[in-house]
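Participant:
In my numbering, the protein residues as written are 127 to 392.
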């Protein structure tokens with residue numbers, strides 16, 4: 127969900143291969159999560175990502191619990207794919223996980239996909255910044271509102287990394303592959319705000335839920351992501367799929383809520 131920062135003389139969907147010096151154009155990657163539109167009343171004129179500071183957030187203790195259902199279950203298939211821009215995880219042949227409660231109120235949100243963001247070093251791959259600290263990666267878990275029936279219908283409404291180095295390659299992973307998120311999802315507090323997608327067209331349609339406690343990974347694990355190829359000719363790697371921090375306009379007060387409640391998961 128971020129905007130790509132092109133390398134010199136290189137665009138997301140094309141590269142110049144050494145062989146015959148002919149331009150080779152990769153398939154256009156469909157950034158389906160970049161086209162969600164919501165009613166005008168929800169537009170806050172706040173672009174994402176942002177810098178979060180606890181002292182500047184509004185504490186709120188009265189949300190219903192934010193509940194994860196089915197995210198850690200076994201069964202069905204889980205597939206990682208290199209789409210030339212990031213590594214994306216999707217589920218098949220199973221009931222998709224649901225997220226509800228908290229700032230989502232009475233709506234239920236269906237898991238669509240998970241993807242990652244990283245840069246060419248270990249200090250700038252995280253899009254959102256917490257208390258001035260930047261981390262090596264950021265994971266986005268994308269859900270859509272269940273009332274629309276499918277992610278496609280919602281568009282106009284309000285360890286496998288080594289095996290997917292080549293663009294459009296995929297690999298099957300364990301169906302309970304999201305268990306590494308359980309502790310973070312059970313933490314006592316999270317930040318939430320109404321922001322935007324971090325890819326074009328940057329629609330302000332996202333209810334962000336951000337956990338401040340980092341999940342530790344090794345430098346070697348992060349380095350594997352940087353080995354993924356961004357084009358068929360395999361000349362370039364995906365080394366920077368991070369959108370820079372966005373600053374709200376002077377007349378717009380950033381409304382970030384720090385919510386505290388006991389989290390349930392299933």
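Ideal placement from N, C-alpha and C gives every residue a C-beta, glycine not left out. Predicted model only: the values in this text are computed from it and were never measured.
Kindly indicate the opening and closing residues of the alpha helix (DSSP H) around residue 298.
Facilitator: Taking the first residue of the chain shown as position 1, residue 298 is located at position 172. Run containing residue 298: none in the alpha helix (DSSP H); it sits in the beta strand (DSSP E), 296 to 299.
Participant: If you drop the 5 nearest sequence neighbours on each side, which residues of the same chain put their C-beta closer than 8 Å to that of residue 320?
Facilitator: For the purposes of this step, residue 320 is taken as the residue at position 194 of the chain shown. Closer than 8 Å at the Cβ level, and outside the excluded window around residue 320, lie 168, 170, 172, 330, 332, 333, 334, 381.
Participant: For the beta strand (DSSP E) that residue 348 lies in, which residues bound it at each end?
Facilitator: Here residue 348 refers to the residue found at position 222 of the chain shown. That residue, residue 348, is in no beta strand (DSSP E); its alpha helix (DSSP H) goes 345 to 351.
Participant: Could you pull out every residue in the same chain whose Cβ sits closer than 8 Å to the Cβ of residue 186, ignoring the five residues on either side in sequence?
Facilitator: Position 60 of the chain shown, counted from the first residue, corresponds to residue 186. Here the set comprises 383, 384, 385, 386.
Participant: Please classify residue 275: does DSSP put it in a helix, a strand, or coil?
Facilitator: Taking the chain shown and counting its residues from 1, the one referred to as residue 275 is at position 149. In the structure shown, residue 275 adopts coil according to DSSP, grouped into three states.
Participant: Among 255, 232, 227, which one has its Cα closest to the Cα of residue 371?
Facilitator: As a working note, residue 371 is residue 245 in the chain shown. Comparing Cα positions, the closest option is 255.
Participant: Can the beta-carbon of residue 224 be found closer than 7 Å to that of residue 239?
Facilitator: Position 98 of the chain shown, counted from the start, is the residue given in the question as residue 224. Position 113 of the chain shown, counted from the start, is the residue given in the question as residue 239. Not closer than 7 Å, so no.
Participant: Expressed to the nearest angstrom, what Euclidean distance is found between the alpha-carbon atoms of residue 161 and residue 270?
Facilitator: Within the chain shown, residue 161 is the residue found at index 35, counting from 1. Within the chain shown, residue 270 is the residue found at index 144, counting from 1. Residue placement at residue 161 is flagged as unreliable, the pLDDT there being 40, under the threshold of 50; a coordinate-derived value is accordingly withheld.
Participant: Just verifying my parser: in three-state terms, what is the DSSP assignment at residue 260?
Facilitator: Position 134 of the chain shown, counted from the start, is the residue given in the question as residue 260. Look at residue 260 here: in three-state DSSP terms it is coil, with no helix or strand label.
Participant: Does the stretch 203 to 222 come into contact with the stretch 292 to 309, if we say contact requires no fewer than three beta-carbon pairs (one atom in each stretch) closer than 8 Å?
Facilitator: yes
Participant: What separation, rounded to the nearest whole angstrom, lies between the Cα atoms of residue 364 and residue 222?
Facilitator: Start at 1 with the first residue of the chain shown, and residue 364 comes out as number 238. Start at 1 with the first residue of the chain shown, and residue 222 comes out as number 96. One C-alpha to the other measures close to 29 Å.
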